[in-house]
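Protein chains in written order, with our numbering: chain A, 516 to 611; chain V, 144 to 559. Note that beta-carbon positions come from the ideal geometry of N, C-alpha and C, so glycine has one too.
Structure, rendered in structure tokens:
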């Protein structure tokens, strides 16, 4: 698999390590009401879709950036890759 | 029709005209007491024990493809009970004991061969860990033997003992472990279930669950609605997809695990050898092919095929352990989809929907568990109480903090 790194161009997926669903960017607020339940969901439960999946890849053997890669789990086709930092900041902006 | 030596001779002398199909191919009835979703090893074993051991009737197994078309046909056929944790080991030892009597019980040749499994040791720390694991195995009633370097050398003189990074310093041996004929296991259970009156319904995909007031009423399928008092789901690999239809979100990710077989070679490898440090394990089939594998690819996948980097990694591990296989040619590579659970251990439990039961999360250890998984799941379905050896495999253990994390990796499915 080739991951289209937004800064470095197409890179072999072997250079990356995989963490999991990009929903992990949305860490719940530990101080909020019902935080325990929210954290159980956050840590242990996954959507695990067959099809388009947004996921976190770490460019460990490269520039050590985190990417949000959109990939099809049925075909392994990679549709999109963005810097996780940009995704997280956009999300923060949207929330604020 | 019973299988026996006499029968084989008789058929040989009469032109093999007396063999009959191993099971019927019935159409679904409108209602059953028990519906098992998934006609793989675990689903068929569940139906078998439900009908034969727990004496239940009106049972159907629904399979979207053909019987045994999932991971029961895609694994590397190893059976063993060499786990460390109290939540796991008694269950796998129960499974091992069922393996030992399986062929007599269901009158089918599953080619169970107790040729032993050897886990290699490369460091003092690893020896300590394996000694501890061996003791845990002995406590559960299993067998375990710690071998020193010379005894491993007697057994497998052709291993690379002096690898600079992973010199072999001994091994943990379980002699009762071994291999079985994967398809034969599915067929034996299917035949045994069918003979006890279970309807094995193929090409029947479950497309939804009918749930009223928190209770299961039946399943929607590609062959129409089927009412059921109790529904057990055993569809490892596709568990998230199927249970989503019942509104459940699970502690499972689907990953692809690849396996390999070489061309047929002369008898060489006495049992199963695992080289955990190098992500490689190998055994030799009765036809002579080296059957081997390594780690999962590491990313979510439903593709039933993996990618080259892991193939390369596994082959490198093999070359490091036994350099002589460099001349052997690879015959086949395939992939299967694993239910990777958040702690590396399975789930056999009720669900929040009354009457709906779940058997899932087998990671890449489902094959060896087939008999005990079926037995325990049948026990749960029949009695509504967990089987004694499977009582820790609860769905709510994650929320309660009682995870069974054999490797100590945490909630990171691709590391289990």
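- One thing to note: residue 567/A has its Cβ no nearer than 8 angstroms to the Cβ of residue 583/A.
- Residue 525/A carries a strand assignment under DSSP once its states are collapsed to helix, strand and coil.
- The three-state reading of DSSP puts residue 514/V in helix, counting H, G and I together.
- Around the CB of residue 266/V, fewer than 16 other CB atoms lie within 10 Å, so the residue is classed as exposed.
- Beta-bridge annotation (DSSP): residue 221/V is paired with 322/V.
- Residues of chain V with a Cβ closer than 7 angstroms to the Cβ of residue 529/A are, in chain order, 452.
- Counting other Cβ atoms within 10 Å of its Cβ, residue 380/V reaches 16 or more and is therefore classed as buried.
- Its Cα nearest to that of residue 524/V, the residue 494/V stands out among 146/V, 464/V and 494/V.
- The three-state secondary structure of residue 341/V, taken from DSSP, is coil.
- Contact note: residue 524/A does not reach chain V at a C-beta cutoff of 7 angstroms; the least C-beta distance is about 19 angstroms.
- Spanning the alpha carbons of residue 295/V and residue 249/V requires a straight line of approximately 36 angstroms.
- With a beta-carbon spacing of about 7 angstroms, residue 171/V and residue 342/V fall inside the 8 angstroms limit used to define contacts.
- Counting only the Cα atoms, residue 448/V lies some 28 angstroms from residue 235/V.
- Contiguous alpha helix (DSSP H) elements confined to the region 560-593 of chain A do not occur, taking only those with 4 or more residues.
- When the Cα atoms are used, residue 230/V and residue 537/V turn out to be separated by approximately 10 angstroms.
- Here residue 375/V is near residue 520/V, since their CB atoms are less than 8 angstroms apart.
- At a cut-off of 8 angstroms between beta carbons, residue 493/V makes no contact with chain A.
- CA-CA distance, residue 157/V to residue 245/V, rounds to 29 angstroms.
- Taking C-beta atoms as the reference points, residue 463/V and residue 262/V fail to come closer than 8 angstroms.
- Inside the region 438-475 of chain V, DSSP marks whole alpha helix (DSSP H) runs of 4 or more residues at positions 451-464, from first to last along the chain.
- In terms of CA proximity to residue 239/V, 318/V leads the group 414/V, 192/V, 527/V and 318/V.
- Taking a Cβ-Cβ cut-off of 9 angstroms, the neighbours of residue 562/A in chain V comprise 383, 387 and 392, given in sequence order.
- The Cβ of residue 574/A sits no closer than 8 angstroms to any Cβ of chain V.
- Residue 564/A has its alpha-carbon roughly 15 angstroms from the corresponding atom of residue 389/V.
- In this structure, residue 382/V lies away from residue 364/V, with their beta-carbon atoms at least 8 angstroms apart.
- By the beta-carbon neighbour count (other beta carbons within 10 angstroms, threshold 16), residue 203/V is buried.
- Interface flag for residue 377/V against chain A is unset, since no Cβ pair is found closer than 8 angstroms.
- Contact between residue 398/V and residue 454/V does not hold, since their C-beta atoms are separated by about 15 angstroms, which reaches or exceeds 8 angstroms.
- By the neighbour-count criterion, in which a residue is buried when 16 or more other Cβ atoms sit within 10 angstroms of its Cβ, residue 276/V is buried.
- Inclusion of residue 256/V and residue 322/V in the CB contact set at 8 angstroms is warranted, their separation being smaller than that value.
- Taking 8 angstroms as the Cβ-Cβ cut-off, the region 530-550 of chain V approaches chain A at 541 and 542, given in chain order.
- Residue 568/A reaches chain V at 443, counting residues in chain order whose Cβ is nearer than 7 angstroms.
- Residues of the same chain with a CB within less than 6 angstroms of the CB of residue 505/V, apart from the 5 flanking positions on each side, are 379, 482 and 489 in chain order.
- Only residues of its own chain outside the window of five on either side were considered, and among them 203, 205, 362, 369, 371 and 374 have a CB closer than 7 angstroms to the CB of residue 178/V, listed in chain order.
- Burial is judged here by how many other beta carbons sit within 10 angstroms of a residue's own beta carbon; residue 147/V has fewer than 16 and is exposed.
- As a beta-bridge residue in DSSP terms, residue 371/V pairs with 175/V.
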